[in-house]
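Q: -6 is the number of the first residue of the sequence shown in our numbering; add one for each residue after it. Submitted below is the structure of interest, expressed as structure tokens.
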Amino acid sequence: MRLFTRRRLIIVAALLLATTVLLVTIRYWPREPLSAYVATSTAVFDRNGKLLRLTLASDGQYRLWTPLEATSPEFIEALLLHEDQHFYRHPGVDPIAMLRATWATITGSSHQGGSTLSMQLARLLYQMDTRSIPGKLQQMARALQLELCHSKHDLLEAHINLLPYGGNVQGVGTASLIYFGKNAQHLSLPEALTLVLIPQSPARRHPTTVEPAALTQARLRLFARWQPHATGTDTTQSMALPLHYANTRQLPFAAPHFVDHILQAQQQAPRLQTTLDLNQQRLLERILKQYVRDRQSMGIHNASALLIDARDMSVRAMVGSADFFSNTISGQVNGTLAKRSPGSALKPFIYGLAIDQGLIHPMTVLKDAPTAFGAFSPENFDGRFVGPINATQALVRSRNVPAVTLASQLANPSLYQFMQSAGITQLQSAQHYGLSLALGGGEVTPEELATLYAMLANRGRRLSLRYLQDEQQPSGPRLFSEEASFIVLDMLKQNPRPDDTPTSQRAPIQAAWKTGTSWGFRDAWTAGVVGPYVLVVWVGNFDGSSNPSFIGVQAAAPLFFRLFDALVSREPNLHELHYRMPARLQQVEVCAASGDLPNAACPQTTTTWYIPGVSPLKLSNIHRRVMLDTRTGQLACPPYEARYTRAEVFEYWPSDLAQLFRQAGMPRRQAPQNNCAQAEFNNTDAAPLITSPLTGTVYSLRRKGSQSVPLAATLSADNRRVFWFMDASYAGSSVPGVALAWTPTHAGSYTVLAVDDQGRTASRQLDVQWVD
């Protein structure tokens, strides 16, 4: 008997263990969350939490899945108090509540429900008819199944997201957003109690602009039960005040092009916190629409604008067209994503590449003259040529020939290779464009152009645009050196505003900007850096039709500066990005006429940025001081008679540049010819005498540290300065009696060249070795 009893106990224990294992396995078996069983809306917010749009779910409902933790605790507590006080203690069916509800129904004392939250969830989730006994039994079975397969947390979260709130509004998060314009976690107590009550009778208690009296009375009754939980800040009197509600017809439809672009890439996310600033978006929309309205007589009917914060590459505003709802201008097309010819808006990057490749510095003199590059003969927009022009003026005045000339000299990377590295898409082959790429032969989107200008603001590093707040910002490739980026921005700041006058009030910041006009007057552009922002403006027609008014400086620049002024006015403390000065960048005095180091005869100097070891610098030989015979006006020959001679400075331009001056209508004064037997300009006896570094000496320097080699020379009495070059790269200048401290970059041999301000030279070899 005992053996039989013992066996029964073992069997029962085994069955209990197997049942436990089975239940635990079912409970913790990996499965989809309950949110996967229902379609969800997507709520798109700006950077400050303002709703931009709430989309419909695929089944036509406004249903925004809201985590339990993102819901007001008062709402959860009131819901459990009102609907299911034993939610955390029953297995899905509450027998006591079912018996109480049955007895109340039989006796007719009251209409009382016995459904638990789990049973209500089963009805909502599986669309069950529970008015019959079989339907009720099926509901109870489903509730037990849900309790077995999911946690109480997940069941409660699913329940609050399926609550009906009238019409096609489901879920407390959706109702809170639509009716009260706030997230569910920020509900006040009256609002929380109201949202507990509406699902019991959505048709009778559905709020419009005026709250139904039945809803107010029900809230007072629930508050009476809630009072033991109250903190004292809410009174019965405040509960009796009707609430004000919005409705689905008042849902915002803001920044439509931006939101459409986001939703195409993020269709399944229930909540999207974007980088857009709704205030800045509305500012740009208002000004752009008014600008187009003011310029309709010029044939301007459409425009786009894009605003980027270069500090974190966030898109702050995107205006895809002048009117999203206008079919006449195809307003739903997003112009900021459309490929268009940028015209001259790419020229700053040609100059940046040329600076990095040692072709120019800002004051380098370039040639603007008729030039043929094979079969390609570029002309300027105004049909004229200005002759010699420094690089800064060539850029800000958008001269075509200097830009094409520089583009033809670029290598590793070329302009085409640079655009590929910068992420410009849909490019044809390099041979397809040739040198026309320098003048806008390729196509870019305003979004891509904004990325390029942001690269300048970020000191040469290309970063991707950010549309969502939680997007990571990986470090991008370096396309320019810090020095070249700084120099190009400084050059672009020399570009005067189209409305600039001597009496114009200056903004606290300067815009570094550039215009562009495409072939055939189809697109007008202005792009630039405005403090911490990058702003790109496009004016044109989406069908590509041309208009003589579509000129960058006339059609796009005025809009650019309207937006610029509005941004500065809205943010009076706006300031430019603060970066450390690039380590290698230096300033040097150069001759204003030639852009080279000034010799003793240069009458006017200016300063320019240069990168040591990279920027091309040599001694200017344009200006020469000569002795004239006052009797003949010709060059005097030594020995000079003081009473018949005087010193005078003439410009000795190379023949090609002298011809350019003549063609530009600016002929230079003809210098006298040298008919003397010996020229006085090449007096090598008075050349500098290098005293340091020493001949035949190896300089041993520590690898780590800032040890330097002194560069010094003895000069003749008529010299004021000596210029030093190391392996043909400018190293600096010094005056007689003062040495220049020069720090080598590597061990090995250097060729030291000393050039005085008369153009006379001396050279010496310098050997450097590292020691530990």
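In this text, a Cβ means the ideal position worked out from N, Cα and C, and glycines have one as well.
So, at 6 Å on beta carbons, what are the nonlocal neighbours of residue 674 in its own chain, with the 5 sequence-adjacent residues on each side left out?
A: Below a pLDDT of 50, predicted positions are generally treated as unreliable, and residue 674, at 43, falls in that range; the measurement from the model is reported next regardless. Closer than 6 Å at Cβ, skipping near neighbours: no residue.
Q: Give me the Cα-Cα distance between residue 744 and residue 737, rounded to the nearest whole angstrom.
A: Going by the C-alpha atoms only, they are around 12 Å apart.
Q: Counting Cβ pairs closer than 8 Å, one from the segment 308 to 323 and one from the segment 279 to 289, do we hit at least three?
A: Touching, yes.
Q: Return the bridge partner residues of residue 584 from the DSSP annotation.
A: According to DSSP, residue 584 bridges with 598.
Q: Can you check whether the CB of residue 349 is closer than 7 Å to the CB of residue 477?
A: For residue 477 and residue 349, yes; Cβs fall inside 7 Å.
Q: Taking the alpha-carbon of residue 445 as reference, which of 472, 429 and 148 has the nearest alpha-carbon?
A: With distances taken between Cα atoms, residue 445 lies closest to 472.
Q: Give the secondary structure of residue 616 by DSSP, where H, G and I count as helix, E and B as strand, and everything else as coil.
A: Three-state result, residue 616: strand.
Q: Under three-state DSSP, which class holds residue 675?
A: Low per-residue confidence applies at residue 675: pLDDT is 45, beneath 50, and the placement is therefore not dependable, though the value from the model is reported in the following sentence. Residue state, collapsed to three classes: coil.
Q: Assuming residue 788 is part of the beta strand (DSSP E), what are its boundary residues?
A: Because residue 788 is not part of the residues shown, which for the chain are -6 to 765, the question remains open.
Q: Which runs of the beta strand (DSSP E), 3 residues or longer, sit entirely within the segment 304 to 329?
A: With a minimum length of 3 residues, the continuous beta strand (DSSP E) runs that stay inside the segment 304 to 329 are 307 to 312.
Q: Return the residue from the list 56, 663 and 113 that minimises the CA-CA distance to residue 73.
A: Nearest of 56, 663 and 113 to residue 73, Cα basis: 113.
Q: Would you kindly work out how many angstroms separate the C-alpha atoms of residue 672 and residue 761, rounded to a whole number?
A: A caution first: residue 672 carries a pLDDT of 46, below 50, which makes its placement in the model too unreliable to give a value.
Q: Taking C-beta to C-beta, are residue 338 and residue 507 nearer than 7 Å?
A: Result yes, Cβ atoms of residue 338 and residue 507 sit closer than 7 Å.
Q: Taking the alpha helix (DSSP H) that residue 506 belongs to, which residues open and close that run?
A: Not the alpha helix (DSSP H): residue 506 falls in the beta strand (DSSP E), residues 504 to 510.
Q: What residue ranges within the segment 247 to 271 form continuous beta strand (DSSP E) runs of no fewer than 3 residues, ordered along the chain?
A: Taking only runs of at least 3 residues, the beta strand (DSSP E) segments lying wholly in the segment 247 to 271 are 264 to 266.
Q: My output table needs one value for residue 154: the three-state DSSP class, helix, strand or coil.
A: Helix.
Q: Please tell me whether residue 248 and residue 273 are closer than 7 Å, where the distance is taken between their beta carbons.
A: No, the Cβ-Cβ distance between residue 248 and residue 273 is not below 7 Å.
Q: On the criterion of 16 or more Cβ atoms from any shown chain inside 10 Å, does residue 232 qualify as buried, or is it exposed?
A: Residue 232 should be labelled buried.
Q: Label residue 111 either buried or exposed according to how many other C-beta atoms from any shown protein chain fall within 10 Å of its C-beta, with 16 as the threshold for buried.
A: Looking at its Cβ environment, which holds 16 or more other Cβ atoms inside 10 Å, residue 111 is buried.
Q: Less than 7 Å between the C-beta atoms of residue 449 and residue 399, yes or no?
A: In this structure, residue 399 does not lie closer than 7 Å to residue 449 by Cβ.
Q: I need the boundaries of the beta strand (DSSP E) containing residue 644, first residue and last residue.
A: Its beta strand (DSSP E) spans residues 638 to 644.
Q: Once the 5 residues before and after residue 38 are set aside, which same chain residues still bring their CB inside 8 Å of it?
A: Within the same chain, residue 38 has close Cβ partners 44, 45, 264, 265, 266 and 267.
Q: Return helix, strand or coil for residue 194, following the three-state DSSP convention.
A: In the structure shown, residue 194 sits in coil (DSSP, three-state: anything other than H, G, I, E or B).
Q: Would the beta-carbon of residue 620 fall within 7 Å of that of residue 640?
A: In this structure, residue 640 lies closer than 7 Å to residue 620 by Cβ.
Q: In whole angstroms, what is the alpha-carbon distance linking residue 434 and residue 310?
A: Taking the straight line joining both Cα atoms gives about 28 Å.
Q: For residue 523, which residues in the same chain have their Cβ closer than 6 Å to its Cβ, ignoring the five residues on either side in sequence?
A: So the list reads 504 and 557, once near-sequence residues are dropped.
Q: So does the segment 137 to 157 actually touch the segment 65 to 84, counting three or more Cβ pairs closer than 8 Å?
A: The segment 137 to 157 vs the segment 65 to 84: in contact.
Q: By Cβ distance, which residues of its chain are closer than 6 Å to residue 723, with the 5 residues on each side in sequence left out?
A: Contacts found: 610.
Q: Give me, in chain order, the residues of the same chain whose beta-carbon lies closer than 7 Å to that of residue 612; leave out the 5 immediate sequence neighbours on both sides.
A: Within the same chain, residue 612 has close Cβ partners 589, 590, 592, 716, 748 and 752.
Q: Note the first and the last residue of the continuous alpha helix (DSSP H) segment covering residue 412.
A: Note, residue 412: alpha helix (DSSP H), 408 to 414.
Q: State yes or no: is the C-beta of residue 452 within less than 7 Å of the C-beta of residue 436?
A: No, the Cβ-Cβ distance between residue 452 and residue 436 is not below 7 Å.
Q: Is the beta carbon of residue 706 sitting closer than 7 Å to the one on residue 681?
A: Closer than 7 Å, so yes.
Q: If you follow the beta strand (DSSP E) that residue 756 is part of, which residue opens it and which one closes it?
A: Looking at the DSSP string, the run of the beta strand (DSSP E) that includes residue 756 is 754 to 764.
Q: If contacts are defined as beta-carbon pairs under 8 Å, then residue 295 and residue 535 qualify, I think. What distance do you get, rounded to the angstrom?
A: About 7 Å separates the two Cβ atoms, so the contact holds.
Q: If you follow the beta strand (DSSP E) that residue 695 is part of, which residue opens it and which one closes it?
A: It spans 691 to 695 - the beta strand (DSSP E) in which residue 695 sits, taken as one unbroken run.
Q: Apart from the five residues just before and just after residue 676, which ones in its own chain have a Cβ nearer than 6 Å to its Cβ?
A: Unreliable placement is indicated for residue 676, whose pLDDT of 45 sits below 50; the coordinate value is still reported in the next sentence. Hits under 6 Å: none found.
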